[in-house]
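I have placed the structure first, in the form of structure tokens, so that the comments after it can refer back to it.
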Amino acid sequence: MKLATIGVGNAGSKVIDRMVEFEQATGRDLCRHTLVINTARTDLAKPEHVPEDRRLLIGETHKKAKGHGVGGDAAIGAEVAQTEIDDIRRIFDDVEIHEVDAILVAAGLGGGTGSGAAPVVIEELQKMYDEPVYGLGMLPGEYEGGRPALNAARSLQSFVNKVDNFVAFDNDAWRSRGQTIEEGYEEMNRELATRIVTLLAAGEVDESEVGENAMDSSDIMRTMEVGGVSSIGYASTGVDTPDDGLLSRFSEEEVSNMESTDAAKIKGLVRRAVNSRLTVPCGVASAERALIIFAGPPGEISRKGVESARDWLEQETETVDVLAGDDPRTDSDTLAAVVLLSNVTDTPRINEIQDQAVDAQDTIQQQEAVREEEIESLITDDDNDLDPIV
Numbered sequence: 001m002k003l004a005t006i007g008v009g010n011a012g013s014k015v016i017d018r019m020v021e022f023e024q025a026t027g028r029d030l031c032r033h034t035l036v037i038n039t040a041r042t043d044l045a046k047p048e049h050v051p052e053d054r055r056l057l058i059g060e061t062h063k064k065a066k067g068h069g070v071g072g073d074a075a076i077g078a079e080v081a082q083t084e085i086d087d088i089r090r091i092f093d094d095v096e097i098h099e100v101d102a103i104l105v106a107a108g109l110g111g112g113t114g115s116g117a118a119p120v121v122i123e124e125l126q127k128m129y130d131e132p133v134y135g136l137g138m139l140p141g142e143y144e145g146g147r148p149a150l151n152a153a154r155s156l157q158s159f160v161n162k163v164d165n166f167v168a169f170d171n172d173a174w175r176s177r178g179q180t181i182e183e184g185y186e187e188m189n190r191e192l193a194t195r196i197v198t199l200l201a202a203g204e205v206d207e208s209e210v211g212e213n214a215m216d217s218s219d220i221m222r223t224m225e226v227g228g229v230s231s232i233g234y235a236s237t238g239v240d241t242p243d244d245g246l247l248s249r250f251s252e253e254e255v256s257n258m259e260s261t262d263a264a265k266i267k268g269l270v271r272r273a274v275n276s277r278l279t280v281p282c283g284v285a286s287a288e289r290a291l292i293i294f295a296g297p298p299g300e301i302s303r304k305g306v307e308s309a310r311d312w313l314e315q316e317t318e319t320v321d322v323l324a325g326d327d328p329r330t331d332s333d334t335l336a337a338v339v340l341l342s343n344v345t346d347t348p349r350i351n352e353i354q355d356q357a358v359d360a361q362d363t364i365q366q367q368e369a370v371r372e373e374e375i376e377s378l379i380t381d382d383d384n385d386l387d388p389i390v
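Spelled out as structure tokens, the structure:
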């Protein structure tokens, strides 16, 4: 697949930056066009792999943003994007849309710019282009507080309703102990970038490297076309480079045993990918469609193992709509399995965010009411003996 990738806000921009870094390090060519949009000038300077001319600052003349961000206020983030939609549209004009299969918009849903501006950007993209627009959203952790949860719950509705598929990433599930907040976010961004690029870059190799059952971008797009919320699983293992003619030294029985071992390894990778940390924890059986991609040296991808893994995932998801295929990477020293669970409906963390958001909204309204009373009491004399000047 060839993508136009757009990061909105600080978190979204960092993920796009890590995606570009990972594809360059692994010899992939996924992100044909890259763009980051932000309301804070300092955050816009942070990406290391996005060209300067592919960064757009919005809100510089806004009375509240002024190039310093929107202070976590999603309403201001949306207002800034709507006000400067012509500038956003103009930078989209540079995208040679005939070169891409789809557009990916990434944003952190807890922040003001990501949660507010990203839905506006997505809506404009849907108007301008016929290609699928996918969303990649980072859900705030419970530890981040009520305001980010409220932003996320409100933005999530817009994201899921406007995009062709929404891939969720749960900060809570990926937070590690003993890390600073910055270290934690950096690790999360790299892990997410690895999964997204490994999944979406499948099928880009030349004909000399096409595997027995090579995955194509159309297979990925078909799996994602059902919409809704999706989750991604991933597992990898190192591979050894055998000596030339090594297999000729073994008997047929020994070779057969080795093939059985390879098949078990392939199936085990998929089990690990599904049963370890998904990008957002979910009930696997609630997925409408699923897809498995094996990325690595062609000789490491056992055909029996692929079929066995696909059969296992069919049982786990309780659907026959499961695709499995190869992404041959001749020079890779790892074998990876990435699993896409599309349109999952059993996602406890999203329900928790919605509950936290409702509580936060009630608390905010109560605090505002109390504060209005306190301000009125502060400036008004008890006996009403004084009149205001105007």
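Residue numbers (full-length UniProt numbering): 1 to 390. The C-beta atom is built at its ideal place from N, Cα and C for all residues, glycine as well.
Separation of R89 and E48 (C-alpha to C-alpha, rounded to the nearest whole angstrom) is 24 Å. Counting along the chain, the unbroken alpha helix (DSSP H) around I375 starts and ends at 348 to 379. Ranked by Cα distance from L323, the options T330, E373, R55, E288 are led by E288.
Non-local C-beta neighbours of A106 in its own chain, meaning closer than 6 Å and more than five positions away in sequence, comprise G7, G12, V15, I16, L136, ordered along the chain. In this structure, DSSP gives P328 an extended state, which the three-state scheme calls strand.
The beta carbon of K64 sits closer than 6 Å to those of I76, all from its chain and outside the five residues before and after it, given in chain order. Where D170 is concerned, the enclosing beta strand (DSSP E) starts and stops at 165 to 170. Residue T317 holds the alpha-carbon nearest to the alpha-carbon of T345 among E99, T317, E368, A235.
By the CB criterion at 8 Å, S236 and T334 fall inside the cutoff.
For V80, the enclosing alpha helix (DSSP H) stretches over residues 74 to 83.
With respect to the C-alpha of V229, the residue from M1, F166, D240, W174 having the closest C-alpha is F166. Annotated as distal: T39 and G72, with beta-carbon spacing of 8 Å or more. With 16 or more other Cβ atoms from the protein chains shown falling within 10 Å of its own Cβ, P132 counts as buried. Annotation: T180 to F159 spans about 29 Å, alpha carbon to alpha carbon. Annotated as proximal: A263 and S308, with beta-carbon spacing under 8 Å. The alpha-carbon of L156 is positioned some 35 Å away from that of I266.
Per DSSP, the unbroken beta strand (DSSP E) holding I232 starts and ends at 229 to 238. Between the region 351 to 367 and the region 147 to 156, the count of C-beta pairs closer than 8 Å reaches three or more; the two stretches touch. Going by DSSP, Y134 is part of the beta strand (DSSP E) stretching over 133 to 139.
Comparing alpha-carbon positions, the option among Y129, V120, A173 lying closest to T279 turns out to be A173. Residue D164 holds the alpha-carbon nearest to the alpha-carbon of Y129 among D164, M138, R147, E142.
Straight through space, the alpha carbons of V338 and G305 are spaced by roughly 14 Å.
Excluding residues up to 5 positions away in sequence, A202, G203, I293, G325, D326, D327 lie with their Cβ nearer than 7 Å to the Cβ of M215 in the same chain. Taken through DSSP and simplified to helix, strand or coil, T34 comes out as strand. Between the alpha carbons of P140 and D240 lies a distance of about 39 Å. The three-state reading of DSSP puts T317 in helix, counting H, G and I together. Comparing alpha carbon positions, the residue from G146, R55, R195 closest to T26 is R195. In this structure, the straight-line span from the alpha carbon of R177 to that of G184 is close to 9 Å. Less than 8 Å separates the beta-carbon of S115 from that of A74. In the three-state reduction of the DSSP assignment, L125 falls in the helix class, which pools H, G and I. Taking each of T34, L44, G59 in turn and checking the Cα distance to Q82, the smallest one comes out for G59.
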